[in-house]
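Residue numbers (the numbering used here): 76 to 266.
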């Protein structure tokens, strides 16, 4: 297991950081880190997400693994890598975007929901898969996927609550992606 996947496994939660601006994203990421979460993904839905990654890695880079999520183009993958991201996450498994993510040399995590998508992600060289939207699959679905893919590094994300984390970990998840479930409001205070 590479260092990034080890950090995911130790953190158990990958904080999915969205926000109206860089400041809000940084507050949310710092709040998550202050609660013991060691891996955060700043999504490209944050205006100037690349600057948020630069700022966060400069401020907390030693105690926090900072990646970028919602990567939907090769240009975004390259920009995130240049900004110092430690990993890349995409909501889907598009061949062109995934190839660009893998080409950066950073661990690539792509969205999958079916066995065929998992096979494509593995063939393209992804380090892990983001089960998305995980709320559709459920922990039993992950258990079923792990039968043909016993070494599957899966991070269920999408529509999950904090109360769901243990059930997913028990089903074999590497970590669980939580976004809005972690934050009470725009101030970024953890729930």
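All residues carry an ideal CB built from backbone N, CA and C; glycine is no exception.
Being a predicted model, the structure only gives us computed values, none of them experimental.
ask   = Starting from residue 86 and walking both ways along the beta strand (DSSP E), at which residues does that stretch end?
value = Counting along the chain, no beta strand (DSSP E) covers residue 86; the unbroken alpha helix (DSSP H) around it starts and ends at 78-86.
- Query: Per the contact definition of three or more C-beta pairs closer than 8 Å, is the stretch 209-227 in contact with the stretch 158-172?
  - Reply: By the Cβ criterion, the stretch 158-172 is not in contact with the stretch 209-227, since fewer than three pairs of Cβ atoms, one from each stretch, lie closer than 8 Å.
request  = Tell me, please, which residues DSSP counts as bridged to residue 186.
outcome  = DSSP lists 205 as partners of residue 186.
- Query: In whole angstroms, what is the alpha-carbon distance linking residue 244 and residue 220?
  - Reply: Distance between the alpha carbons of residue 244 and residue 220: 14 Å.
*Tell me, which residues are paired with residue 251 by DSSP?*
Beta-bridge pairing links residue 251 to 88.
Counted within 10 angstroms of its Cβ, other Cβ atoms place residue 133 as buried (16 or more) or exposed: Here residue 133 is exposed, its C-beta having fewer than 16 other C-beta atoms within 10 Å.
Grab me the residues of residue 77's own chain with a C-beta within less than 8 Å of its C-beta, minus the 5 sequence neighbours each way, in chain order. Only residues of its own chain outside the window of five on either side were considered, and among them 182, 202 have a CB closer than 8 Å to the CB of residue 77, listed in chain order.
Give the secondary structure of residue 105 by DSSP, where H, G and I count as helix, E and B as strand, and everything else as coil. Note: residue 105 maps to helix in three-state DSSP.
Between which residues of its own chain and residue 85 is the CB-CB distance below 8 Å, once the five residues before and five after are set aside?
Only 113 meet the Cβ criterion.
Between residue 249 and the rest of its own chain, which residues show a CB-CB distance below 7 Å, the 5 nearest in sequence each way excluded? Taking C-beta separations shorter than 7 Å and ignoring five residues to either side along the sequence, the partners of residue 249 in its chain run 80, 83, 84, 203, 228, 229, 230, following chain order.
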